[in-house]
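To start, the structure under review is shown below, and the notes come after it.
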Amino acid sequence: MIRQSVLLTIVLAPLIAAILAGVFGRFIGRRGAHTVTIAGVAISFVLSAWVLKLLLVDGAPPVNEAVYTWLVSDNIRMEVGFLVDRLTALMMVVVTFVSLCVHVYTIGYMHDDPGYQRFFSYISLFTFSMLMLVMANNFMQLFFGWEAVGLVSYLLIGFWYTRPSAIFANLKAFLVNRVGDFGFLLGIAGVVYFTGSLDYQTVFEQRELIAANTMQIIPGIEWQAITVICILLFIGAMGKSAQVPLHVWLPDSMEGPTPISALIHAATMVTAGIFMVARMSPLFELSEVALSTVLVVGATTAFFMGLLGMVNNDIKRVVAYSTLSQLGYMTVALGVSAYSAAIFHLMTHAFFKALLFLAAGSVIIGMHHEQDMRKMGGLKKYMPITYWTALIGALALVAFPGTSGFFSKDAIIAATAAASIPGATYAYWCVLLGVFVTAFYTFRLIFMTFEGPERFRTDAHGHHDSHTPHESPWVVTVPLIVLAVPSLVIGWLTVQPVLFGDYFGTAIFVEAAHDTVARVAETFHGPGAFSLHALLTVPFWLMVAGVATAWVFYVKKPELPSQIAARLGPLYKLLENKFYFDELYQAVFARGSRRLGSVLWRAGDVALIDGAIVNGSAHVVGWFSGVLRRLQSGYLYHYAFAMIIGLSALLAWYVLR
Amino acid sequence: MFDNFGMQAAAAEIFLIATICVVLLVDVFLSDSKRWITYALSLLTLAGCAWMTLSYGVNERVSAFSGMYVADPMGDVLKLFSYATVAVSFIYARDYLQRRALFKGEYFVLGLVALLGIMVMISAGNLLTVYLGVELLSLSLYAMVAFDRESTVAAESAMKYFVLGAIASGMLLYGFSIMYGIAGTLQLDELAVELRSVESPIGLVFALVFIIAGVAFKFGAVPFHMWVPDVYHGAPTPVTLFIGAAPKISSFVLAVRVLAEGLDSLVANWQDMLIVISVLSMAIGNIVAIAQTNLKRMLAYSTVSHVGFILLGILAGTNDGYRAAMYYTFAYVIMSVGSFGMILLLAREGFEADRIDDFRGLNRKSPWFAAVMLMLMFSTAGVPPFIGFWAKVEVIAAVLDVGLAWLAALAVLFSVIGAFYYLRVVKVMYFDEPTDTVDIQAGGTLRAVLSLNGLAVLVLGIVPSVLIDLCVRALP
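Chain order of the listed sequences is V and P.
Numbering-wise, our numbering puts 560 at position 560 of the first sequence, and it's gapless, one number per residue.
Converting from the second sequence to our numbering requires adding 1000 to each position, the first position being numbered 1.
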């Protein structure tokens, strides 16, 4: 039996730590700040792991209970409550584990930063928000967590708030997420409209009721209510999980410090959309149109965002594009109803992507805050621990057989191949070619950074740089090693139960007709056989081809890439400019809305509202106020007279009427 | 012997009057340096009253003294809240009084007598008992306003308060007497029964107008509000604090006991009258407050507007409405003692801190107390998640429930106008330069209680159910 107090402790420990570090940061100092926050997150992690053990080993029933009723309005209960089943417990362990690693890592990374306590306060607050999100048993709390993680993300992207680029990036993230959240909120509103409840269980019980309804958004065209709701909810997921076309904020979010890129913009927050869709699987399963939409959006993201990683030179941005691409893979899995595969990939990705980010951060520390890969090279010799752990992360990312990423990604590709809903063929080609792309950009990063000539020796002016890179301190390398272990083995250990076993139980619901995972399971005969068999499949050879190409381009013949870039001029330019998404949004939405704003401002605000309503009414009120004030003459007989007048008026009105 | 007259229902009052006599006697023999004993005794008295009320608490209506006196759950809740309010007022007042050589027994003794008046009103079962309570409270307050004998302004406002209060009491009593003439009883529960069978309401309405005028005066509602700004402004700040807090509870209970219990059958009539008074109060209070530069005067007009909101709940004439009004009263009292407490916190020798400009740049001097004032002002303006927001929501919902949508819309409109002058205080604190560099001199107790006061506004706003449940228990 899982007790409520345990769950409350899991959630509240990081919150209290965040408050201590944030509000009393000046008093408890740097050491105090990192001690309390690490202690808070460690408590959460240990208890989360214990909860997972209770659910898995001891067979405790899932918890679904309200903790506190905030208010009841129109029979809609707004509550704080926990739904902890195996899906939630898995997320809790992943979130708290990665968060713990990142907390420790931050001690080294932010060592000289004046905002040390603030940073720890924020990441602890983030952990609290994320736990609230995944543990919610109702839409209200889900939305609370959703917005809270968004807020912390905003604060952390703009952590170095004196940099204009950071402020631009956090505003961008905020605005783009607003678009997604708008859809999400409408989706929740739709759920409440049809079911009158915010509670997951009640809503899921009434899902047939929603499915029986249609609604008209454009007059004359009937829409399935369930399709509309699911697509709206998915728009929310698109914003948070950075799917095309709402992906533009994620690469820019790299303006934030690296630890949060690892924690928030790779391992946890951006997967909230994936988690949410998996949680809502009973709803999504009822609408094939919604699933197709999810599938196509995910496939597009998986392939085309990967392409962008091939040409970028900023080490963090390359990893950011790979995150986009991997999120696309997870979304594809959702689209083909392989929810368990999506969550499985979410888990393995959380480990190896956090690892890659932290390794990138370690390189950045070693290079004295240089992020351009063209100025690196040959670092293998100077930073061996970082190199080997990064290599493990890279192998997992490219799905080398046996690593954790291999099991999850191959399962997604196989599930996509087995799917038959509209868009599945397109998605299959996208995820298949994506394998080559992934392998190429990942090993491009490894080769440019760790192999080849030591380009950092000469800077732009041609004279020698005296800074030799050095391995990072233990607080940085220990988290790398701790993360490298699951990156390597977690897939092997858990693929059987999580993916093909009955791990999720009732937490995830799949219609029999959509059950692609079951079809993949027919060919699954244990992780060893799965890995061996992979050597004969197309994805494996595509991966090898990708790695080989990267080797030729960046180790063997480093002059080749620029020649090819020159040959493929327009295409290269298209990639270099990220398909012109930013320019398009700048021109259409940013400039357009500013122009619209300016028109409305001049016509509406200045003339009508400011002129007539605000200033006008303020003048009237002010004038009136002045006049009435004069009535307060200070003379007693005036006051008495006013009372008599009032009394007489009341008398006259009510008695003589 | 206690049981014969049901005296234990009035145990707290009996205890209070006995200890008032003790405090009065002890105070006579104290030198000025030992005056803290009076202060401590007063606080102990309040604690004793709370203990009495808690231990003799009732679960249902009990009458005593042949029905002149009633004890009910609502009374217990209101009394306990009054003790707390008076205690906080005393604690806030101490530093200020000491610094100005006003630290005398009068303030505390008169305060306790006023409390006795409030308690008598709370437990009144008869129109005469009501009147007794009203006068006991009023006379104490008149004297309190004037107790700084050096100040001519205070004397002037005490005089105004007394004369106008006497007129209002006269109106109230006149209304009662006509009521007695028609119904033949002063007993509130009997009155309610008798009035149901009265044929021609013309005489009743005549009496009702006078009673309403009296009640509105005690509330400080327009057009019987003229005393409020002058008295708030003229009285020493601790007295203003006192007047602005606990007596509001008595005004609320006056309305509930007389109108809701006694004159229940005339609800249609007094609802109309209260609508007019409420709208005028919200309008005049909010609009005139904008033109004020003195914070005490501004808060006086703000009180007038809040009274309009409390009346909204009462005029709904439903149990939900009374509950909402009660909740609003509690919320208002918490915010009001906090706001005046802030003035007392900043005040020092030769500096009253009662102008809005005196709050300039407070954020530089003390970010924490600027934040406390910010919370108080936001709450008073009705910004979520503070308590003032829920109070407004409750009364507006009560009015909506009885189908007065236009009135609800007006209330919202006036609270928007009102937001202006509260936000101005915030603006001055955060965006203007401080005019001096003198630090806050107030003592630790004041700081601590005021901090709790500010936090209460936030916490009770985030967890509104605490206070709402209390109101539900009082008025089930």
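Where is the CB? At the ideal position from N, CA and C, for every residue including glycine.
query                                                                                                                                                                                                            : result
Distance check for G1006 of chain P and F1065 of chain P, CA to CA, integer angstroms please.                                                                                                                    : 7 Å
I need the straight-line Cα distance from G1244 of chain P to R629 of chain V, nearest angstrom please.                                                                                                          : 21 Å
Going by Cα to Cα distance, which pick from P:A1155, P:L1208 and P:I1334 is closest to I1178 of chain P?                                                                                                         : P:L1208
Is G462 of chain V helix, strand or coil when you go by DSSP?                                                                                                                                                    : Note on G462 of chain V: pLDDT 47, under 50, position unreliable in the model; no value is reported.
Excluding sequence positions up to five away, which residues of its chain have a Cβ less than 7 Å from the Cβ of A341 of chain V?                                                                                : A333, S408, A411, I412, A415, L499 and V517
What would DSSP say about A1221 of chain P, mapped onto helix, strand or coil?                                                                                                                                   : coil
Is F1147 of chain P near E1106 of chain P, with beta carbons less than 9 Å apart?                                                                                                                                : yes
Closer than 9 Å, Cβ to Cβ, to anything on chain V: give me those residues from the segment 1226 to 1238 of chain P, in chain order.                                                                              : M1226, W1227, P1229 and D1230
What residues in its chain sit with their C-beta under 6 Å from that of A211 of chain V, if we drop five residues either side in the sequence?                                                                   : I226 and L286
Please compile the residues from chain P whose C-beta is within a distance smaller than 8 Å of the C-beta of Q632 of chain V.                                                                                    : M1226, P1229, D1230 and V1288
From M1068 of chain P to I1122 of chain P, what does the alpha carbon distance come to, in whole angstroms?                                                                                                      : 12 Å
Taking the alpha-carbon positions, what's the H463 of chain V to G402 of chain V distance?                                                                                                                       : Confidence is the limiting factor: at H463 of chain V the pLDDT is only 47, short of 50, which leaves the residue's position unreliable, though a coordinate-based value still follows. Whole-angstrom Cα-Cα distance: 45 Å.
Please list the terminal residues of the continuous alpha helix (DSSP H) segment that includes W70 of chain V.                                                                                                   : Premise fails: W70 of chain V lies in the beta strand (DSSP E), V63 to S73, not in any alpha helix (DSSP H).
Can you tell me whether Y635 of chain V is buried or exposed? The criterion is at least 16 other CB atoms within 10 Å of its CB, across all chains shown.                                                        : exposed
Against chain P, with Cβ distances strictly below 9 Å, would L628 of chain V count as a contact?                                                                                                                 : yes
Check whether the segment 232 to 246 of chain V touches the segment 192 to 200 of chain V, taking contact to mean three or more Cβ pairs, one atom from each stretch, closer than 8 Å.                           : no
What are the residues in the segment 1159 to 1184 of chain P lying within 8 Å of chain V by C-beta distance?                                                                                                     : M1159, K1160, V1163, L1164, I1167, A1168 and M1171
Enumerate in chain order the residues of its own chain whose CB-to-CB distance from V1337 of chain P is below 8 Å, with the five nearest sequence positions on each side excluded.                               : T1085, V1088, S1089, Y1092, L1241, G1244, A1245 and N1453
So, is the C-beta of S625 of chain V closer than 9 Å to a C-beta in chain P?                                                                                                                                     : yes
How many Å lie between M110 of chain V and D314 of chain V at the Cα?                                                                                                                                            : 20 Å
How big is the Cα-Cα spacing for S44 of chain V and A360 of chain V?                                                                                                                                             : 27 Å
Can you confirm whether V1395 of chain P, when its beta carbon is compared against all beta carbons of chain V, has any partner nearer than 9 Å?                                                                 : no
9 Å is my cut-off, CB to CB: does I1314 of chain P come that close to chain V?                                                                                                                                   : no
Tell me whether M110 of chain V sits in a helix, a strand or coil according to DSSP, three-state version.                                                                                                        : coil
Taking only the alpha-carbon atoms, compute the straight-line gap between A460 of chain V and A521 of chain V and give it to the nearest angstrom.                                                               : No answer about A460 of chain V holds up, because its pLDDT of 48 lies below 50 and its placement is not dependable.
Should L1299 of chain P be flagged as near chain V, meaning a C-beta pair shorter than 9 Å?                                                                                                                      : no
Using a Cβ cut-off of 8 Å, pull out every chain V residue sitting near A1018 of chain P, in sequence order please.                                                                                               : Neighbours of A1018 of chain P on chain V: none; closest Cβ ~38 Å, over 8 Å.
Curious, which full-length alpha helix (DSSP H) runs of at least 4 residues does the segment 526 to 597 of chain V contain?                                                                                      : 527 to 534, 538 to 551, 560 to 567, 569 to 576 and 581 to 585
Tell me whether W1368 of chain P is buried or exposed, calling it buried when 16 or more other Cβ atoms sit within 10 Å of its Cβ.                                                                               : exposed
What does N1294 of chain P pair with, by DSSP beta-bridge criteria?                                                                                                                                              : P:R1355
Can you confirm whether the segment 14 to 22 of chain V touches the segment 120 to 132 of chain V when touching is taken to mean that 3 or more C-beta pairs between the two stretches lie within less than 8 Å? : yes
Strictly below 9 Å CB to CB, what residues from chain P border A66 of chain V?                                                                                                                                   : What A66 of chain V touches in chain P: nothing, since even the nearest Cβ is about 14 Å away.
Kindly identify the DSSP beta-bridge partner or partners of S1063 of chain P.                                                                                                                                    : P:V1070
Since V1228 of chain P contacts F1309 of chain P with CB under 8 Å, what's their CB separation in whole angstroms?                                                                                               : Actually they do not touch by this definition, with Cβ atoms about 15 Å apart.
With 16 as the cutoff for other CB atoms within 10 Å, does A1474 of chain P come out buried or exposed?                                                                                                          : buried
Could you work out which residue in P:F1219, P:D1264, P:A1221 and P:G1125 is closest to V1193 of chain P when comparing CA atoms only?                                                                           : P:D1264
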